[in-house]
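Everything below concerns the one structure shown next.
In my numbering, the protein residues as written are 27 to 400.
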């Protein structure tokens, strides 16, 4: 049984080691909303909302999420009894349209509550089988081709099992070709357009077929499943979707249309772990490989990604870079690390998230706070 007694919202501002640039914009300081749930029995679970400051990735923004959490989501779940975490997500889906990232920031910690009550790790509760997960790195658009080539070579030396390059019209083929030549044909190389191209750009995308990429991720509009299906038939390179799949219903439509051959699954994007598990099973049923993407989360959000990526079917390296890749100091202890061969260990034998939240550091980073109770 889960009964939520308080929900505390905190906005933190976590500086990145270096700006992260994509076609969606530049991030120098990651503003995040953290959620802290406390049950009637004193169980504490933390979550993280993945919404960005601006509606450049999806329409939902950090400010919209803060408002939704404080005005609708918190009051809806506090003081109610839930037999299992799925019921929290089902209630929020029935009562609130949209606001999936905000809903996920409350739904996902409820799975941690359940894991703690059962004295299981989150990974074990979800059905994860792996003791370690393969890690890739995403390189932004900051700097020119020589700088990106150097970053890619360094990432290979550090052991990352996949290199993902952000691309945009005018900064695509030459960039990717230079990196491919530098790292060699054996390195898994992928590209992510963050919906920067149009159907008229097909020729530019087809040129990338010659570079033997692992996938082209989200080239067209986040709303357009049909034209992704058409583009998929024009490309030899596997086509991956991200922003286009925001719900179980959208995932079903992706399958029906044949819009993609690979899916980047982010629980925070689709409304939480309940919907993510449904999409996971749908993709496994239809032979669609999965991998777990990132949203520049702190170590709290990273813990959920690692747990999700431990499930069977997540067969491709995810955006699960160690804490030191982005932050001088993370908000969890121990920080997330990667071994020399590009593996992150799954804390399968530690109840809950598997890391401790550094409350004192979070207090130092907090710029606003709101406590909700029934």
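We treat Cβ as the ideally placed atom computed from N, Cα and C, and that holds for glycine.
Chain-order list of residues whose beta-carbon lies under 6 Å from that of residue 327 (same chain, five-residue window excluded): 74
Counting pairs of beta carbons, one from the stretch 340-360 and one from the stretch 105-125, are three or more of them closer than 8 Å? Taking 8 Å as the limit for Cβ pairs, the verdict is that the stretch 105-125 does not touch the stretch 340-360.
If you pair each beta-carbon of the stretch 126-140 with each one of the stretch 294-307, do three or more pairs fall below 8 Å? yes
Local Cβ density within 10 Å of residue 378, reported as buried at 16 or more and exposed below that: buried
Neighbour-count burial assignment, residue 238, 16 or more Cβ in a 10 Å radius: exposed
Which residues in the same chain as residue 151 place their Cβ atom closer than 7 Å to its Cβ, once the five residues preceding and following it in sequence are excluded? 137, 140, 141, 144
Residue from 242, 110, 76, 54 with nearest C-alpha to residue 27: 110
According to DSSP, residues forming a beta bridge with residue 9: The structure shown does not extend to residue 9, since the chain spans only 27 to 400, so no value can be given for it.
If you pair each beta-carbon of the stretch 254-272 with each one of the stretch 282-290, do three or more pairs fall below 8 Å? yes
Determine the direct distance from the alpha carbon of residue 90 to that of residue 214, and round the result to whole angstroms. CA-to-CA, the gap between residue 214 and residue 90 works out to about 37 Å.
List the endpoints of the continuous beta strand (DSSP E) containing residue 174. Premise fails: residue 174 lies in the alpha helix (DSSP H), 171-184, not in any beta strand (DSSP E).
Identify the residues that DSSP records as bridge partners of residue 378: which are they? 147
For residue 309, name the three-state secondary structure that DSSP assigns. helix
Proximity of residue 131 and residue 88 at Cβ, strictly below 8 Å: no
Candidates 58, 335, 393, 315, of which the one nearest residue 72 by Cα: Here the closest residue by C-alpha is 58.
Which class does residue 111 belong to by DSSP, given the choice of helix, strand or coil? helix
Within the stretch 252-301, ranges of the beta strand (DSSP E) (whole runs, at least 3 residues): 265-267, 288-290
With residue 233 as the anchor, note down where its alpha helix (DSSP H) starts and where it stops. Note, residue 233: alpha helix (DSSP H), 228-233.
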